[in-house]
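Undergrad: Below are the structure tokens for one structure; questions will follow.
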Amino acid sequence: MIRERLPETLKSAMREKNMARVSTLRLIMAALKDRDIAVREKGNYEGIIEADILQMLQGMVKQRKESIILYEQGSRPDLVAKEVKEIDIIQEFLPTPLSDAETETILSEVFESLNAHSVKDMGRVMAQLRENYVGRMDFSKVAELLKEKLK
0 MIRERLPETL
10 KSAMREKNMA
20 RVSTLRLIMA
30 ALKDRDIAVR
40 EKGNYEGIIE
50 ADILQMLQGM
60 VKQRKESIIL
70 YEQGSRPDLV
80 AKEVKEIDII
90 QEFLPTPLSD
100 AETETILSEV
110 FESLNAHSVK
120 DMGRVMAQLR
130 ENYVGRMDFS
140 KVAELLKEKL
150 K
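Read left to right, the sequence shown gives residues 0 to 150 (numbering that gives the first Met the number 0).
This is the structure:
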């Protein structure tokens with residue numbers, strides 16, 4: 000589980016004196032703690048589940064990719080390099096993403112199993128995919144593919 004790997008990885012990075020890695024791991028742990036505190040108010044004292052952690056990590060990667068675009072526009076290669084390093088560290092905790100071909104195959108299977116034919120079925124399809132492929136699919140790309148297929 001990611002929750003158990005994070006502190007061990009942080010300790011290792013601290014021993015190696017890899018400050019960029021330490022900083023990124025601390026950011027991840029802080030974000031995780033924030034999410035845990037938020038669900039504690041709803042009566043869940045164990046924290047967020049693994050799927051939510053994966054979603055959080057994907058969001059962190061997405062934020063950094065957006066920052067890279069802005070830093071490139073602002074001619075800040077130093078900040079671009081920092082964001083790229085952070086993405087690499089965060090992705091260590093994410094499962095291997097599915098290829099485009101694998102995603103297409105899975106979409107076809109889900110369409111058949113849910114008997115999806117129109118845009119109205121998009122919510123059911125996305126729910127099914129999120130349930131089974133969190134951390135492995137880029138759901139913004141999947142949403143675009145779904146819109147094309149369900150027209």
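Note that CB positions come from ideal geometry on N, CA and C, so glycine has one too.
1. Residues in the same chain with beta-carbon distance under 6 Å from Y70, minus the five sequence neighbours each way, listed in chain order, please.
2. Please tell me whether R135 and P94 are closer than 8 Å, where the distance is taken between their beta carbons.
3. To the nearest whole angstrom, what separates the beta carbons of I52 and L31, a pair I think is in contact under 8 Å?
4. Just the C-alpha distance for A50 and M0, rounded to the nearest angstrom, thanks.
5. Classify R4: buried if its beta carbon has 16 or more other beta carbons within 10 angstroms, exposed otherwise.
6. If we call anything under 8 Å between Cβ atoms a contact, is Q90 one with V124?
7. Cα-Cα, which of S107, R2, L106 and Q127 is closest to M55?
8. Considering only residues of the segment 125-150, which uninterrupted alpha helix (DSSP H) runs meet the minimum length of 4 residues and lie entirely inside it, listed in chain order?
9. From E103, P6 and I88, pick the residue whose C-alpha is nearest to that of K140; which is it?
10. K81 by DSSP, collapsed to three states: which one?
11. Measuring CB to CB, does L149 end up less than 8 Å from D120?
12. For the alpha helix (DSSP H) containing M188, list its first residue and its last residue.
13. Am I right that R20 and I88 are in contact with their C-beta atoms under 8 Å? What's the rounded C-beta distance?
14. Please check the pair D35 and G46, which I expect to be a contact at CB under 8 Å, by giving their CB distance rounded to whole angstroms.
TA: Concretely, from the data shown:
1. Taking the first residue of the sequence shown as 1, we reach residue 70 at position 71. Excluding positions up to five away in sequence, the list reads L78 and V79.
2. Here residue 135 corresponds to residue number 136 of the sequence shown, with the count starting at 1. Here residue 94 corresponds to residue number 95 of the sequence shown, with the count starting at 1. Yes.
3. Indexing the sequence shown from 1 puts residue 52 at position 53. Indexing the sequence shown from 1 puts residue 31 at position 32. Their Cβ separation, rounded to whole angstroms, is 6 Å, which keeps I52 and L31 in contact under 8 Å.
4. Residue 50 sits at position 51 when you count from the first residue of the sequence shown. Residue 0 sits at position 1 when you count from the first residue of the sequence shown. For A50 and M0, the distance between alpha carbons rounds to 10 Å.
5. As a working note, residue 4 is residue 5 in the sequence shown. Exposed is the call here.
6. As a first step, residue 90 must be located in the sequence shown, where it is residue number 91. As a first step, residue 124 must be located in the sequence shown, where it is residue number 125. Cβ distance not < 8 Å, so Q90 and V124 don't count as in contact.
7. Here residue 55 corresponds to residue number 56 of the sequence shown, with the count starting at 1. Of all alpha-carbon atoms in S107, R2, L106 and Q127, the one lying nearest the alpha-carbon of M55 is that of R2.
8. Within the segment 125-150, the complete alpha helix (DSSP H) segments of 4 residues or longer fall at 138-148, listed in chain order.
9. As a first step, residue 140 must be located in the sequence shown, where it is residue number 141. The residue with the shortest Cα to Cα distance from K140 is E103.
10. Mapped onto the sequence shown, residue 81 falls at position 82. Three-state result, K81: helix.
11. Numbered from 1 along the sequence shown, position 150 holds the residue referred to as residue 149. Numbered from 1 along the sequence shown, position 121 holds the residue referred to as residue 120. Yes. Within cutoff.
12. Any property of residue 188 remains undetermined from this structure, which presents the chain solely from 0 to 150.
13. Your numbering for residue 20 matches position 21 in the sequence shown. Your numbering for residue 88 matches position 89 in the sequence shown. Contact between R20 and I88 is confirmed by a C-beta separation of about 6 Å, below the 8 Å threshold.
14. To locate residue 35, count along the sequence shown from 1; it is residue 36. To locate residue 46, count along the sequence shown from 1; it is residue 47. With 8 Å as the limit, D35 and G46 qualify as a contact, their Cβ atoms being about 4 Å apart.
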